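In UniProt numbering, the protein residues as written are 1 to 97.
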């Protein structure tokens, strides 16, 4: 019985990846995306939409070149999910809309 009890506790604290992405989307959080096999390039923007393959539409997107320490505004983009290795919030939200 204690094994069942510990499983229930574990289920309550586990966050599904899709739920975290949805939270970034609904809060209009600005996120930074690390790209697969491109460690010197990051993408920042707000998630406007996504699908089950983690393809994402980002608004106000910027390309960040880490070696050159530059940012290039690219606007609204579609990023294929197979290129994404990490998604994290930058801590910035948009409350104006």
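Glycine is no exception: its CB is placed at the ideal position from the N, C-alpha and C atoms.
Computed from a predicted model, the values in this text were never measured in an experiment.
Per DSSP, residue 20 is one residue of the alpha helix (DSSP H) stretching across 17-26.
Residue 53 has its alpha-carbon roughly 30 Å from the corresponding atom of residue 67.
Beta bridge pairing from DSSP links residue 63 with 43 and 72.
In the same chain as residue 40, and ignoring 5 residues on each side of it, the C-beta atoms closer than 8 Å to its own belong to 65, 66 and 67, in chain order. Residue 82 has its alpha-carbon roughly 25 Å from the corresponding atom of residue 69.
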